[in-house]
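Single-structure report; data block below.
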Amino acid sequence: MKNQPLKPWIKGNESITPNNFFSNALPNLEYGAWISLDIAVELYKANTIDTGYLKKSWNEHHEYIEQVCLLTGIDEENGYDLDREEKWWVLQEIGEPPFGCYNIYFITIYNEHEEKLVYIGKTDSKKSRFSNGHLAALKLHNPIYNGYNKRVYFGTVMFLSDDKEYVPLEFISPYSRAERYLSEMEAYLIERLNPELNKKKEPLHLLENLSSVLIQNFSEENAFMKDFFV
Numbered sequence: 005m006k007n008q009p010l011k012p013w014i015k016g017n018e019s020i021t022p023n024n025f026f027s028n029a030l031p032n033l034e035y036g037a038w039i040s041l042d043i044a045v046e047l048y049k050a051n052t053i054d055t056g057y058l059k060k061s062w063n064e065h066h067e068y069i070e071q072v073c074l075l076t077g078i079d080e081e082n083g084y085d086l087d088r089e090e091k092w093w094v095l096q097e098i099g100e101p102p103f104g105c106y107n108i109y110f111i112t113i114y115n116e117h118e119e120k121l122v123y124i125g126k127t128d129s130k131k132s133r134f135s136n137g138h139l140a141a142l143k144l145h146n147p148i149y150n151g152y153n154k155r156v157y158f159g160t161v162m163f164l165s166d167d168k169e170y171v172p173l174e175f176i177s178p179y180s181r182a183e184r185y186l187s188e189m190e191a192y193l194i195e196r197l198n199p200e201l202n203k204k205k206e207p208l209h210l211l212e213n214l215s216s217v218l219i220q221n222f223s224e225e226n227a228f229m230k231d232f233f234v
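Now the structure itself:
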């Protein structure tokens, strides 16, 4: 299921707090990146998955922090530190921290002998890419794909900072930079994995020196790209 980047602040050991959001920490590309594939469904069911999208998720996380600060009076000066009673108060008045989004997806074809990646995309718009017929899905009606089932995996991109703190895209400011990291991650994967239904993407800039990407599959169909390095 989707993660809650701010959950440790409100319900855990405070290993992640708003300091992670406002520190302007950028990914350390020498440490590489991670993609967690959390959900796999048959392609025809793709529009039933609430993936969210980056802009909404990014805004929700920043708005949640602002609401907590207004409610409790905490701020940067005290390190956004909440005691137990304040955490309980936040949960009662504001609720659980927001969920992140699934910001990357892989479309595959498979049969009893193999599973093959054919398309990589990003979830960057308010309306689901699958709601009115995805172009890649339409191309899969080509007779060359007869005899194959079609599946889609949804996942999340994660980086590490210089201090080896987790840096999801929601932590990167301003939003335009986070959006650019997502676009370049899509391009990076397309360039190296070369799915047959993708066109070549734009050249890399922010991720030009990215060392590697580890893909981990936590879905029920976890044989595909399990602990796979790109």
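In our numbering, the protein residues as written are 5 to 234. Glycine included, every Cβ here is placed at the ideal spot set by N, Cα and C.
Extent of the continuous alpha helix (DSSP H) run through residue i
i      : result
Ala44  : Run containing Ala44: none in the alpha helix (DSSP H); it sits in the beta strand (DSSP E), 37-46.
Ile219 : That residue, Ile219, is in no alpha helix (DSSP H); its beta strand (DSSP E) goes 217-221.
Leu30  : It is not in any alpha helix (DSSP H) - Leu30 carries neither H nor E in the DSSP assignment.
Val72  : 58-76
Pro207 : Unbroken run through Pro207: none, as it is neither H nor E.
Leu139 : 139-143
Pro178 : Segment: none, Pro178 is in no alpha helix (DSSP H) and carries neither H nor E.
From the options, residue whose alpha carbon lies closest to that of residue i
i      : options                        : result
Leu95  : Ser180, Val72, Glu116          : Val72
Leu75  : Leu86, Tyr149, Leu210          : Leu86
Ser165 : Lys203, Lys143, Tyr35          : Tyr35
Leu211 : Leu144, Gln220, Ser187         : Ser187
His209 : Gln220, Pro199, Glu200, Tyr192 : Tyr192
Phe228 : Glu118, Ala182, Gly16, Ala29   : Glu118
Gly99  : Glu195, Leu218, Ile14          : Ile14
Asn115 : Lys230, Tyr149, Pro102         : Tyr149
Tyr84  : Asp128, Lys203, Phe110, Ser19  : Ser19
Lys59  : Leu201, Ser177, Leu218         : Ser177
Glu169 : Ala141, Leu30, Gly16           : Leu30
Trp92  : Lys11, Gly151, Pro22, His145   : Lys11
Asn82  : Tyr48, Lys154, Asn23           : Asn23
Thr21  : Asn153, Glu195, Ile78, Lys205  : Ile78
Ile194 : Pro207, Asn17, Glu183          : Pro207
Cβ pair residue i, residue j closer than 8 Å
i      : j      : result
Gly125 : Asp42  : no
Leu173 : Leu33  : no
Ala50  : Met189 : no
Leu201 : Lys143 : yes
Ala140 : Tyr123 : yes
Cys105 : Thr52  : no
Lys6   : Phe103 : yes
Distance between beta carbons of residue j and residue i, contact taken as under 8 Å
i      : j      : result
Trp62  : Tyr185 : At roughly 11 Å, the Cβ-Cβ gap does not stay under 8 Å, so Trp62 and Tyr185 are not in contact.
Ile108 : Val161 : 6 Å
Phe25  : His65  : 7 Å
Thr127 : Tyr57  : 5 Å
Val234 : Arg196 : 5 Å
Helix, strand or coil at residue i according to DSSP, with G and I counted as helix
i      : result
Gln96  : helix
His172 : The sequence as given places Pro at residue 172; His does not occur at that position. Strand at Pro172.
Tyr109 : strand
Glu119 : strand
Leu197 : helix
Thr127 : coil
Leu164 : strand
Asn213 : coil
Asn24  : helix
Ser135 : Since pLDDT at Ser135 reaches only 48, below the 50 mark, its modelled position is unreliable, and no value is offered.
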